[in-house]
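Participant:
Have a look at this one:
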């Protein structure tokens, strides 16, 4: 399932109380939804709107040592984490909840995760049996058997990706798929580039490998040899991987084979025999995102000494378990992460373990969250807002001067077919068969991983369940899912600065309204536009209209390619194109929908700002943020979203109403001539 996210998704993030829907400014004063203390009004809005809207906050706030970024999103997530810890502290205190109940399983998983004394006592015992099993491998077939074992037993995905998901060209059916993978660093470029930063990370990675093996009793010289063997294998895999930009083309990565035919291209990996062992019997076809990569994997099995592959397989177990073993392993894991991200101190255990519960049993914990923190009125308000945005979007489509009536009709059909999910699932995941033991943290983690795998593969042959969610209810984020043609807004994001019941419409439309428009636009961005109304990967555009879309979107690519972070690192306009189009379309549509409201049609100032100014300031404060240099450099390579300051500024330069609202004139740094402004949706 390919999801298009609003922002960089962080794992297992939790939400805050309903009190945030009706905040006050302290001392019984009404909240200022646009607070000038957070602004830097010495900066001209037309020179740097991000700085104008957020400069005071940026100067006043430091990134907490346990964070790599700080701003509106992360502050909400921190608030959410605190509230989830409160819930989990409460349910974990009792050990007599009915077995299998929501409170028993969430409470006992958290209790086992917080029992650091028991975890310390075990050291790396939870994976000793796995390491010994790998020691006994003596052949290529033994390696292949281990690849199967690790997958079906929740030990990760060495060498390549394997899964079961919807067939993009037949989305009512599930199908087996193979994908590139097998590497540890965040992107293939970390293995292939030789600049100073890449070399620093490479050395830190090898040091991390040496340290983990040393902690299991491997001698220093042998551990260093292991690191070099792992590096060479992963570098070979990285060389064969497609770039992130190349992987964005859903047609290029849709390669369907019969199982028998694909097996002929990978003589060591006989998929006819392997699929039943992977618990996916009876399959006649499969999808392969990068066939050339799988050929590299196949040849690697015989070109690499068995001893080196065994080391690699041990590493897959070690790195997957490091964060859940005793403190020396956890410390080594964090020290390596410090080099990657710049994070100064590790988050408290309670925060890490509450995230683990949300990531593992998200729809059990989500039920407790919704009961306590999510008001039904928020869902009703959102439904109204979504409908308003869809009406505005339809008007935009009808009024496009570059699209033919034929393509417009199909675009409107797709828009009208959108499924909208708000807050939480109508049908909760029950995790049937998943047992959680209060006194067995390692066993719980293994059980969860095995359950997930079994749940995934047993979907084969069953009707696609479109009620399922790709995020947990407490998550501070939103997404579009192309194969289901759905937009989804978890409860966690429905809080200020995105949304507040007491705020004026300019605030809510500039915040959550633009988020809604963003997710709708993903259905019509450079990837989403290739899926039709029922989620099928199928071309519904006339050739002429597709060419016009490309010409217009290429202007957006050029605009973002010119932007930088850390002075010299350029935004990748092609990698970020989908998100940039969604930001531009979302903000434009939200503005037009808001202009239909009473406030949108008035000129009444609030706290000194006109309605239009408040709308655009609301947009800017959503992206209020600062980040560590290491994190910024990593995100430029890996994140399909542009940095927050550019997410604020770049779309505005293409919106005529913003120029008028802040009297932006030629000579201002952000000014673009009307004919140069990108107009798509």
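In mature numbering (1 follows the signal peptide of the UniProt record, and there is no 0), the protein residues as written are -22 to -1, 1 to 659. All C-beta atoms in this analysis are idealised placements derived from N, C-alpha and C, irrespective of residue type, glycine included.
For residue 244, which residues of its own chain have a beta-carbon under 8 angstroms away from its beta-carbon, when the five flanking residues on both sides are left out?
Facilitator: Here the set comprises 272, 273, 275, 276.
Participant: According to DSSP, simplified to helix, strand and coil, what is residue -16?
Facilitator: Confidence at residue -16 is low in this model, with a pLDDT of 46, below 50, so the placement of that residue should be treated as unreliable; the coordinate-derived value is given next. Residue state, collapsed to three classes: coil.
Participant: Taking just the CA atoms, how far does residue 18 sit from residue 34?
Facilitator: One C-alpha to the other measures close to 5 angstroms.
Participant: Just how far apart, CA to CA, sit residue 330 and residue 498?
Facilitator: For residue 330 and residue 498, the distance between alpha carbons rounds to 33 angstroms.
Participant: Using 8 angstroms as the threshold, is the C-beta distance between residue 69 and residue 46 below it?
Facilitator: No.
Participant: Check for me: the alpha helix (DSSP H) holding residue 636 runs from which residue to which?
Facilitator: Looking at the DSSP string, the run of the alpha helix (DSSP H) that includes residue 636 is 634 to 639.
Participant: Whole angstroms are fine: how far does the CA of residue 249 sit from the CA of residue 650?
Facilitator: So the two alpha carbons sit approximately 55 angstroms from each other.
Participant: Under the three-state reduction of DSSP, which class applies to residue 75: helix, strand or coil?
Facilitator: In this structure, residue 75 counts as coil in the three-state DSSP scheme.
Participant: Put residue 548 into one of helix, strand or coil per three-state DSSP.
Facilitator: The answer is strand: DSSP assigns residue 548 an E or B state.
Participant: What span of residues does the alpha helix (DSSP H) with residue 427 cover, start to end?
Facilitator: Here the alpha helix (DSSP H) through residue 427 covers 419 to 435.
Participant: Could you tell me which whole beta strand (DSSP E) segments of length 3 or greater appear in the region 311 to 379?
Facilitator: List check, beta strand (DSSP E) in window: nothing returned.
Participant: Tell me where the alpha helix (DSSP H) around residue 119 begins and ends.
Facilitator: 118 to 130 is the extent of the alpha helix (DSSP H) around residue 119.
Participant: Kindly identify the DSSP beta-bridge partner or partners of residue 664.
Facilitator: Outside the modelled stretch of the chain, which goes from -22 to 659, sits residue 664, for which no answer is possible.
Participant: How long is the line joining the alpha carbons of residue 516 and residue 229, rounded to whole angstroms?
Facilitator: The alpha-carbon atoms of residue 516 and residue 229 are separated by roughly 9 angstroms.
Participant: Looking at the secondary structure, which residues open and close the beta strand (DSSP E) in which residue 283 lies?
Facilitator: Run containing residue 283: none; DSSP gives neither H nor E here.
Participant: Tell me the DSSP secondary structure of residue 1 in three-state form.
Facilitator: In this prediction, residue 1 scores a pLDDT of 34, lower than 50, which makes its location untrustworthy; no coordinate-derived value is stated.
Participant: Per DSSP, which one or two residues make a beta bridge with residue 509?
Facilitator: Looking at the DSSP assignment, residue 509 forms a beta bridge with 515.
Participant: Determine the direct distance from the alpha carbon of residue 467 to that of residue 459, and round the result to whole angstroms.
Facilitator: Distance between the alpha carbons of residue 459 and residue 467 is about 12 angstroms.
Participant: For the beta strand (DSSP E) containing residue 459, list its first residue and its last residue.
Facilitator: From DSSP, the beta strand (DSSP E) with residue 459 extends over 457 to 459.
Participant: State yes or no: is the C-beta of residue 656 within less than 8 angstroms of the C-beta of residue 507?
Facilitator: No, the pair does not count as a contact, with Cβ atoms beyond the cut-off.
Participant: Between 188, 577, 163, which has its C-alpha nearest residue 179's C-alpha?
Facilitator: Taking only the C-alpha atoms, the option nearest residue 179 is 163.
Participant: Assuming the contact rule is C-beta atoms closer than 8 angstroms, residue 526 and residue 380 should be a hit. Round their C-beta distance to whole Å, please.
Facilitator: About 5 angstroms; that satisfies the 8 angstroms criterion.
Participant: So, is residue 505 buried or exposed, given that buried needs 16 or more other C-beta atoms within 10 angstroms?
Facilitator: Label assigned to residue 505: buried.
Participant: Let me know if residue 344 comes out buried or exposed under the rule of 16 or more other beta-carbons within 10 Å of its beta-carbon.
Facilitator: Residue 344 is buried by the Cβ-count criterion.
Participant: Kindly confirm or deny that the region 260 to 269 and the region 149 to 158 touch, where touching means at least three C-beta pairs closer than 8 angstroms.
Facilitator: The region 260 to 269 is in contact with the region 149 to 158.
Participant: Return the chain-ordered list of same chain residues with a C-beta closer than 8 angstroms to the C-beta of residue 319, the five sequence neighbours on each side being excluded.
Facilitator: The answer, listed in chain order, is 46, 606, 608, 609, 612.
Participant: From residue -1 to residue 357, what distance separates their C-alpha atoms?
Facilitator: Confidence at residue -1 is low in this model, with a pLDDT of 30, below 50, so its placement is unreliable and no value can be given for it.
Participant: From this set, 550, 546, 304, which residue's C-alpha is nearest residue 98's C-alpha?
Facilitator: Comparing Cα-Cα distances from residue 98 to each of 550, 546, 304, the minimum goes to 304.
Participant: Where residue 477 and residue 453 are concerned, what is the direct C-alpha to C-alpha distance, given to the nearest angstrom?
Facilitator: Cα to Cα, residue 477 sits roughly 15 angstroms from residue 453.
Participant: Candidates 172, 14, 218, 302: which alpha carbon is nearest residue 103's?
Facilitator: The residue with the shortest Cα to Cα distance from residue 103 is 302.
Participant: Helix, strand or coil: which one does DSSP assign to residue 584?
Facilitator: Looking at residue 584 - three-state DSSP - the assignment turns out to be strand.
Participant: Roughly how many angstroms separate the alpha carbons of residue 545 and residue 255, rounded to a whole number?
Facilitator: Cα to Cα, the separation comes out at about 51 angstroms.
Participant: Could you pull the start and end residues of the alpha helix (DSSP H) that residue 615 belongs to?
Facilitator: That run of the alpha helix (DSSP H) goes 607 to 616.
Participant: Return the Cβ separation of residue 416 and residue 201 in integer angstroms, given the expectation that the two are a contact with Cβ distance under 8 angstroms.
Facilitator: Contact doesn't hold; Cβ gap of about 36 angstroms is too wide.
Participant: Which same chain residues end up closer than 7 angstroms to residue 361 when comparing Cβ atoms and leaving out the 5 residues on each side of it in sequence?
Facilitator: Only 400 meet the Cβ criterion.
Participant: Answer with buried or exposed for residue 567, where buried requires no fewer than 16 other C-beta atoms within 10 angstroms of its C-beta.
Facilitator: Classification of residue 567: buried, given that the 10 Å Cβ count is 16 or more.
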